[in-house]
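Colleague:
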Amino acid sequence: MPEVITIGESMVMFIAKQGESLELVSDFSRHLAGAESNVAIGLARLGHQTGWISAIGNDPFGTYICNTISGEGVDTSAVTVSLVHSTGMLVKERNDGGDPQVYYYRKDSAAANFTLEMLQERYFENGKILHITGIFPALSPSTKDALFTAIKMAKKHGLMISFDPNIRLKLWTAQEAKETLLEIAEMSDLILPGLHEAELLVGTTNWEQVSKFFHEKGSQFVIMKNGADGAYYSIRERDGSILEGYEKGFKVETVVDTVGAGDGFAVGLLSAMREGLSLGEAVRRGNAIGSMAVMVRGDYDGYPTREQLEAYLAK
15 MPEVITIGES MVMFIAKQGE SLELVSDFSR HLAGAESNVA IGLARLGHQT GWISAIGNDP
75 FGTYICNTIS GEGVDTSAVT VSLVHSTGML VKERNDGGDP QVYYYRKDSA AANFTLEMLQ
135 ERYFENGKIL HITGIFPALS PSTKDALFTA IKMAKKHGLM ISFDPNIRLK LWTAQEAKET
195 LLEIAEMSDL ILPGLHEAEL LVGTTNWEQV SKFFHEKGSQ FVIMKNGADG AYYSIRERDG
255 SILEGYEKGF KVETVVDTVG AGDGFAVGLL SAMREGLSLG EAVRRGNAIG SMAVMVRGDY
315 DGYPTREQLE AYLAK
């Protein structure tokens, strides 16, 4: 059984090879996209046992996704294959150095029709961390119910709940997102919003106010990602005292693709925490892998092996 478990949708992704608008592009490369599977893959590359819960279609794209994820060393035994619904897809423009425009084709996908009955409670019995995002509950009422059920199963078996809000306003309204994600935050041990997500959820990007808000909600660990500049972090100790800090980001000469940086941050953070490093050291590793992610095209392609990470940190 895996030590770190994720649950969410992964899609086949086609990235334009030319920099023009998509109606002019004739050549694409095929990749895999999915915030939760990104984290599972990144942790597996660092030697951690990970598992991914989801649903895929009984189609070539679903087979490609499952084979790719399992080929990275992630357990996929809890993935459901739908005979009715197809695998989701997205198309991404090429935008060197910035945030690319993304077009989703995921409505009524196999993952969007995931139900709580597809969960296996025994899968959580020996886990240590459940890492979730705000994407999966936005897909449909059934995925929202399934996510809350997964959280309850994980908490029953003593897993730490790691939560990246990862707000996608293409999937729901800001008010819907705020209401649901704050409810999830109250059930989470660790929350790691970006600046814009903190502003939507809390109404401010002031670090003291953000950390105080989420600690009062019940989170032991609060990390606010500040993009390329680094990240704030805070831990509430058992005696109620708060330890805070800030870790600067790593300088990147050329940014190729920003997608996947936040998931890379989670990879570094969670791997270091599992290895017993301090929260400050964990945030520094998160910054490192996040910076490595933006140097290459593709969501998780820049995530390092253990040897590559050690060499990068030694520079």
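Everything in the sequence shown is counted per the numbering used here, starting at 15 for the first residue and increasing by one. For each residue, glycine too, the CB sits at the ideal point set by N, CA and C. This structure is a prediction, so every number in the text was calculated from the model and none was measured.
1. So, with DSSP's three-state summary, where would you put T147?
2. For D159, name the three-state secondary structure that DSSP assigns.
3. May I ask you to verify whether the stretch 315-326 touches the stretch 88-99, counting CB pairs closer than 8 Å and requiring at least 3?
4. At what residue ranges does the stretch 167-194 contain a whole run of the alpha helix (DSSP H), taking only runs of 4 or more?
5. So, helix, strand or coil for E261, using DSSP?
6. When you compare the CB positions of S233 and R250, do they come within less than 9 Å of one another, or not?
7. Exposed or buried, what is N81 when buried is set at 16 or more other beta-carbons lying within 10 Å of its beta-carbon?
8. I'd like the list of long-range same chain contacts for N301, defined as Cβ closer than 8 Å, with 5 residues on each side in sequence excluded.
9. Rounded to the nearest angstrom, how far is the Cβ of A152 from that of L130, given a contact under 8 Å?
10. Locate the alpha helix (DSSP H) running through Y326, then write down its first and last residues.
11. Beta carbon of A49, beta carbon of T147: below 9 Å?
12. Can you give the Cα-Cα distance for G316 and A191, rounded to whole angstroms?
13. Please list, in chain order, all residues of the same chain as L366 whose beta carbon is under 7 Å from its beta carbon, the five residues on each side excluded.
14. Do you know offhand how far I29's Cα is from V39's?
15. DSSP three-state label for Y314, please.
Modeller: Considering the structure as presented:
1. T147 falls in the strand class under three-state DSSP.
2. In the displayed model, D159 falls within a helix according to three-state DSSP.
3. Contact check between the stretch 315-326 and the stretch 88-99: fewer than three CB pairs, one atom from each, fall below 8 Å, which does not count as touching.
4. Counting whole runs of 4 or more residues, the stretch 167-194 contains no alpha helix (DSSP H) stretch at all.
5. Under the three-state reduction of DSSP, E261 is assigned to strand.
6. Yes, they are a contact pair.
7. By the neighbour-count criterion, in which a residue is buried when 16 or more other Cβ atoms sit within 10 angstroms of its Cβ, N81 is exposed.
8. Close CB contacts of N301 within its chain, under the 8 Å cut and outside five residues either way in sequence, are with G244, A245, E261, K262, G263, F264, F279 and G282 (chain order).
9. Their Cβ separation, rounded to whole angstroms, is 16 Å, which puts A152 and L130 out of contact at 8 Å.
10. Residues R320 to L327.
11. Yes.
12. Cα to Cα, G316 sits roughly 29 Å from A191.
13. With the chain represented from 15 up to 329, any question about residue 366 goes unanswered, as that position is not in the structure.
14. Across the structure, I29 and V39 are spaced so that their CA atoms are roughly 10 Å apart.
15. In this structure, Y314 counts as coil in the three-state DSSP scheme.
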